[in-house]
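FYI, the numbering for the sequence shown is 4 to 140, going by our numbering.
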Amino acid sequence: MDKLTRFGVSLEKELLSKFDLHIKKQNCPARSKAIADLIRKELVKSEWDKGKTVVAAITLVYDHHKKDLISKLIDIQHDTHGLIISSQHIHLDHNNCFEIIIVKGAPQKIKSLADKLKSVKGVKHSSLNAATTGKGI
């Protein structure tokens, strides 16, 4: 483990109270952990902004009965196979599927892929969860 450094932070009392309530709801064990998580989140954002190699999860919820939907999603994924590390398809019920696509590469290419998948008619929900390779953090 890296050596810990103790430092002081000055905040308005009301802001600190709101922060404490927020981290309590998340079951965060300590302010230090919550602050470290916020710092890491900003560092991940910085990696994405700089265009470094990153990882992400693209999630989709869609009606698999929608005409040509699955073939369009598969075509898009095959066109960008170099980004895709893995995918998992889950049957939620008779009509709906949940798909998780794990990607690694340049942020702009990942965002473009996520946007293409989201734009396919029949996709009910899509999200892009940005992450880091861990090298810069």
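We put the beta carbon where it would ideally sit given N, CA and C, even for glycine. A quick note: this is a predicted structure, and the numbers were derived from the prediction, not measured.
Query: Restricting to Cα atoms, I'd like to know which of A134, L86, I42, K112 is closest to V106.; Result: L86
Query: Would you check if the distance between the CB atom of V64 and the CB atom of T136 is smaller than 8 Å?; Result: no
Query: Just how far apart, CA to CA, sit S49 and K55?; Result: 9 Å
Query: Can you look up V12 in the DSSP assignment and give me helix, strand or coil?; Result: coil
Query: Alpha carbon to alpha carbon, how far is N98 from L120? Give it in angstroms, no decimals.; Result: 18 Å
Query: Which same chain residues end up closer than 8 Å to K114 when comparing Cβ atoms and leaving out the 5 residues on each side of it in sequence?; Result: L131
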